[in-house]
Amino acid sequence: MASLVGSRVERKEDKKLLTGRGKYTADVNFVNQTFAYFVRSPHARAQIKKVDITKAMKAPGVVSILTGADIANDKIGGLIAGWRIKSEDGSDMKVPAHPPLANEIVNYVGDHVAVVIADSLDEARNAAEFVKVDYKILKAVVDTKGAMDSDQIYKDIPKNLCFDWLLGDRAKVKEAFEKADKIIKIDLINNRVIPNAMEPRAANADYNPSTEEITLYTTSQNPHLARIIISAFNGVAPENKLRVIAPDVGGGFGSKIYPYAEEVVCSWAAKKIERPVKWVADRTESFLSDCHGRDHVTHAELAVKNDGTFLGFKNETIANIGAYASVFGTVTPTYLFGPCATGVYKMPAAYTNVKAVFTNTAPVDAYRGAGRPEATYTIETLVEKAARELGMDPAEIRMKNFPTQFPFQQTLVHSVDSGDYVASLNKAMEVADYKGFEKRKRESANKGKLRGIGLCSYFEACGIAPSPVVMMLGCGIGLWESAEVRFNPTGNVTVFTGSHSHGQGHDTTFAQIAADQLGVPIENIEISHGDTDKGPFGYGTYGSRSLTVGGTAIVKACDKIIAKGKRVAAKMLEASVDDVEFSNGEFVVAKSNKKKTIGEIAFACYLPGTYGEVKSPLPEGEEPGLKETSFFDPANFSFPAGSHICEVEVDPDIGETKVVKYTAIDDFGTIINPLVVEGQVHGGIVQGIGQALYENCHYDETGQLVTASYMDYTMPRADNFPEFDLGFTCTPATSNPLGTKGCGEAGAIASPPAVMNAVMNAIGTEISMPATAEKVWKACNQNKKKNSEAA
Amino acid sequence: MKKVSVEINGKKVTKEIQDHTILSVFIRENLNLTGTHVGCDTSQCGACVVHVDGKSIKSCTALAADVNGSKITTIEGITKNGNMHPMQEAFKKLHGLQCGFCTPGMVMSAIDLLQNNKKPSDTEIREWLEGNICRCTGYQNIIAAVKEAASKM
């Protein structure tokens, strides 16, 4: 049987999704279900003086209205921050209480005040109009940079400071900077963006009063995590009485990793009213209440020698984490950010200092790349500026500082097991025709356009695990992954994974792996995920972890199946176990023609004995059945890397920037399915270009979200892009037997600096993201003015 | 209340509905065809595109009452005898979908494009699909799939 790993296998999950037979949470309905509509704060910061539901309760169809007082009375716990970060002075981070329904104060526009439950959505929405909330409006804190000098939001959190964290050695950096020929400095804003999975969040909770079980359908990247949080922290139901199902999920990008207030409230309310409670966000609710991404204000410096050698790096960042500390909200700007701060370079000394601040805005959490795009944007913009100031070619300065020996121990944290940064940059330059740029620039100039080229060489630490490391760094959970490989008696297979697919194609990629391992045709393998009652506990999908951690768990479980199969085959074939070999789905006794297929072995395992034609005795002491579980915890992160080159054309008369050429060369280690991997890269690049050129989350000074619809928030669309050129280099990862590294976030990490370096190269001025037409036009005009004054 | 009769995916149905029922709600909740998705409320995302009398429209922007007497085709209606439409086949072959949420609208829009323009260029495809937002694919494989379908139809 030909190996499927490495093949462009068409996706198994596609037919149902293409024919309208997918099942998303909003498609799930229960008999006798009610509809929830949330009353949300219209103010960014206010005291709740009174919530009056008298009139609303009399509205038609209303079943129940629940408020923060009810949730407090029922002792439902608050939403949690999953990572405990310590400040440089050793003190613990400070986090405010985060009740699922606000009781005394509201802290962002969209914060949850009450829930109206009615027989129909229309009735719930109408009744919500009559819930009278008496607010005392307080001055909102909105600005990231100014948050520490603004009004104090929480009485126990001075300067609105969650933590003041340091990674690295300030003294060594000072020493390195003293030896420098030149210090390159940069001030950056990493603009706040809104994840915008196309499927709005939704929940539908059903409670059975007789069994006391809750079944919660939800739009989650991580149903097992939702279950343990709603159970252990919110206290809605014991874990064994809570089943969480994340069916087809319409994208996540980080925003659906953890449970939100709505899931907690719907589950709790279903139990209270003993009827199912369904909630589906409209798009504006998603804009207001999904966790946002990025939002850093950074000052960074790079110490260099005149020949371009890097000596040291420092990064002082203020990270806005919004009104509350969300589950991954505190780790995103620290351990997912700081360790990647020095990029793909040899950097003898470095530190990153992050001050995380609370503001009256939606919580900020992991968004595709989470911390690594922010780190990469900083170092890659700085390196480009260093090249400009030293009069070097941007490729040359990068090449000069790449490590060439692997494993490579970085100064800050990571020991990078494998990579070849020189190879990927060389290949990118070749594919992008780097040498031909000047000619293309002249051609653009002839049309009155400014053409620019920008590079980005990146690496990222992903395959999020290893548990001992992440737990040492403050993570409240382990991050291993599970798999269960279950042979059915007739020889076909169901594989359960604790990860979750919401577009990544696990049904196919994981089936390719299992097919190769077991020698079973891919059509006979089903992948099951997303239901806490089916497979073993797992940690879901984010941080480009599913294949590297979850895929390996499948390999390990298959190994156990094969080991048992060998013992059973040896008994049936009257041979010694050591003489039985397994390949292509067959157990063969060495140097003989005696063999059994894995299907026959599975059948024997379920019919252990001799009866008429059936002769399948199991070895003594062997349990019947053929099902194995594995939990894999890798020894290290995985480190995808690569180089992207972007070319833009700017029309100085209208400020419009067009990406006209884009080359991505990535090293993801072993690739299981190139079709799927290319799709992940395309999507990541577009999200990154979205951040660089179009997307911007904007709160006004009173904390109103101005960009709360697709009329106001610019989403990247089909006509914004050229066709991208993709290519790969491969240095397999050594931390997992597949050699895979993860590919889901790379595009979103590499593209913002590549695009922005190209824009700056085109217009000759530093400019912040997003490089909108207005900003670019202003910059071009200023340049014109300067040039004419100089003349 | 209003009585609305339509032919949906070749089948005639009559339903008594509230006057303000939006077509997307009518399709999803009254006709239980959940393949048509709703991704926004401002007629921007295109996840809800269906065909009304052969032309693509955003079903979140029409009242069900206004399409009384029309022929409506949804994503469920383009599969014939269990065989996918060439557009669906092309999306599968070239990985033109990931999470699948925008896909029904994307496919219905793309089919209408080919009804208007049998051999569209890349630019024409990109411009036509400007009203369909996809957050996953970066659009590249969608464009390729539409071209593939054009060559097969």
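Chains as they are written, first to last, in my numbering: chain A, 1 to 791; chain B, 1001 to 1153.
From the three backbone atoms N, C-alpha and C, an ideal C-beta is built for every residue, glycine too.
Taking contact to mean at least 3 C-beta pairs separated by less than 8 Å, is the region 750 to 758 of chain A in contact with the region 435 to 442 of chain A? Touching, no.
With DSSP as the reference, label Lys1055 (chain B) as helix, strand or coil. Residue state, collapsed to three classes: strand.
To be precise: take each residue of the region 500 to 513 of chain A, compare its Cβ to all Cβ atoms of chain B, and keep it if any distance is under 8 Å. Which residues remain? Identification of residues in the region 500 to 513 of chain A having a C-beta nearer than 8 Å to some C-beta of chain B yields His502, Gly503, Gln504, Gly505, given in sequence order.
Whole-angstrom C-beta distance between Asp14 (chain A) and Lys1071 (chain B), which should lie under 8 Å: Rounded, the Cβ-Cβ distance is 27 Å, inconsistent with contact.
Report yes or no: do three or more beta-carbon pairs, one from the region 276 to 283 of chain A and one from the region 193 to 205 of chain A, lie closer than 8 Å? Short answer: they touch.
Could you round the C-beta distance between Ala514 (chain A) and Val485 (chain A) to whole angstroms and report it? I think they count as a contact, below 8 Å. The beta-carbon distance between Ala514 (chain A) and Val485 (chain A), rounded to whole angstroms, is 7 Å. This is short enough to meet the 8 Å contact definition.
Distance between Val676 (chain A) and His1095 (chain B) (C-alpha atoms, nearest Å): Spanning the two alpha carbons is a distance of roughly 7 Å.
Give the DSSP bridge partners of Ala557 (chain A), in chain order. The secondary-structure analysis by DSSP pairs Ala557 (chain A) with nothing; it has no beta-bridge partner.
Using the beta-carbon of each residue, which ones in chain A are nearer than 7 Å to Glu1076 (chain B)? Ordered by position in chain A, the residues that pass the 7 Å Cβ test against Glu1076 (chain B) are Thr19, Gly20.
The region 1093 to 1112 of chain B: positions lying closer than 9 Å to chain A by Cβ: Within the region 1093 to 1112 of chain B, the residues whose Cβ lies closer than 9 Å to any Cβ of chain A are, in chain order, Lys1093, Leu1094, His1095, Gly1096, Leu1097, Gln1098, Cys1099, Gly1100, Phe1101, Cys1102, Thr1103, Pro1104, Val1107.
Rounded straight-line distance, which links the Cα of His98 (chain A) to that of Lys355 (chain A): The straight-line gap from Cα to Cα measures roughly 21 Å.
What is the DSSP secondary structure of Ile47 (chain A), counted as helix, strand or coil? Ile is not the amino acid found at residue 47 (chain A); the sequence shown has Gln there. Correct three-state label for Gln47 (chain A): strand.
How would you write the range of the alpha helix (DSSP H) that Glu789 (chain A) sits in, first residue to last? For Glu789 (chain A), the enclosing alpha helix (DSSP H) starts and ends at 773 to 790.
Between the CA atoms of Asp74 (chain A) and Glu274 (chain A) - distance to the nearest angstrom: About 15 Å.
Under DSSP, the alpha helix (DSSP H) around Trp279 (chain A) begins and ends at which residues? Per DSSP, Trp279 (chain A) belongs to no alpha helix (DSSP H); it is in the beta strand (DSSP E), 277 to 280.
Going by the CB atoms, is the gap between Gly538 (chain A) and Asn792 (chain A) shorter than 9 Å? A query on residue 792 (chain A) cannot be resolved here, the shown segment of chain A reaching from 1 to 791 and no further.
Suppose you measure from the CA of Met572 (chain A) to the CA of Ser616 (chain A); what does that come to, to the nearest Å? Approximately 6 Å between the Cα atoms of the pair.
Taking only beta carbons into account, state which residues of the region 1109 to 1143 of chain B come closer than 9 Å to chain A, listed in chain order. The region 1109 to 1143 of chain B vs chain A, Cβ under 9 Å: Asp1122, Thr1123, Ile1125, Arg1126, Glu1127, Trp1128, Leu1129, Glu1130, Gly1131, Asn1132, Ile1133, Cys1134, Arg1135, Cys1136, Thr1137, Gly1138, Tyr1139, Gln1140, Asn1141, Ile1142, Ile1143.
Checking the sheet assignment: what are the DSSP bridge partners for Tyr207 (chain A)? For Tyr207 (chain A), which the question treats as bridged, DSSP gives the partners A:Ile214.
Out of curiosity, what's the CA-to-CA distance linking Tyr662 (chain A) and Ala319 (chain A)? Cα to Cα, the separation comes out at about 30 Å.
Give the DSSP-derived three-state secondary structure of Cys456 (chain A) in the structure shown. DSSP places Cys456 (chain A) in strand when its eight states are reduced to three.
Gly251 (chain A): contacting residues in chain B (beta-carbon distance under 7 Å): Going along chain B in sequence order, the residues near Gly251 (chain A) (Cβ under 7 Å) are Cys1099, Phe1101, Arg1135, Cys1136.
Given a threshold of 16 other Cβ atoms within 10 Å of its Cβ, counted over all protein chains shown, does Arg243 (chain A) qualify as buried or as exposed? Buried, since its Cβ has 16 or more Cβ neighbours within 10 Å.
Proximal residues of chain A, C-beta to C-beta of Asp1019 (chain B) below 8 Å: Within chain A, no residue comes near Asp1019 (chain B); the closest Cβ sits about 12 Å away, beyond 8 Å.
What residue does the alpha helix (DSSP H) around Cys266 (chain A) start on, and which one ends it? Counting along the chain, the unbroken alpha helix (DSSP H) around Cys266 (chain A) starts and ends at 261 to 273.
What in chain A is Cβ-close to Ala1047 (chain B), meaning under 9 Å? Simply Met198, Glu199, Gly250.
Rounded distance between the beta-carbons of Ser499 (chain A) and Gly543 (chain A), thought under 8 Å: In this structure Gly543 (chain A) is not in contact with Ser499 (chain A), their Cβ atoms being roughly 11 Å apart against a cut-off of 8 Å.
For Asp1066 (chain B), would you say it is in contact with chain A, using Cβ-to-Cβ distances shorter than 9 Å as the test? By this cut-off, Asp1066 (chain B) is not an interface position.
Would you kindly check if the distance between the Cβ of Lys556 (chain A) and the Cβ of Ala483 (chain A) is under 9 Å? For the 9 Å CB-CB criterion, Ala483 (chain A) and Lys556 (chain A) form a contact.
Nearest to Phe313 (chain A) (by Cα), restricted to the options A:Leu167, A:Asp651, A:Pro96: Comparing Cα positions, the closest option is A:Leu167.
Exposed or buried, Val31 (chain A), counting other C-beta atoms within 10 Å across all chains shown (16 or more means buried)? Val31 (chain A) comes out exposed.
Assign Trp1128 (chain B) to one of three DSSP states: helix, strand, or coil. Collapsing the DSSP output to three states places Trp1128 (chain B) in a helix.
On the premise that Val236 (chain A) lies in contact with Ile230 (chain A), defined as a C-beta separation below 8 Å, what is that separation, rounded to the nearest angstrom? The beta-carbon separation of Ile230 (chain A) and Val236 (chain A), rounded to 5 Å, stays under the 8 Å limit for a contact.
Compute the distance between the beta-carbons of Gly293 (chain A) and Val364 (chain A), then report whether it is under 9 Å. Contact: yes.
On the three-state DSSP scale, how would you describe Arg372 (chain A)? The answer is helix: DSSP assigns Arg372 (chain A) an H, G or I state.
Give me the DSSP bridge partner(s) of Ala319 (chain A). According to DSSP, which records beta bridges pairwise, Ala319 (chain A) is partnered with A:His296, A:Ala356.
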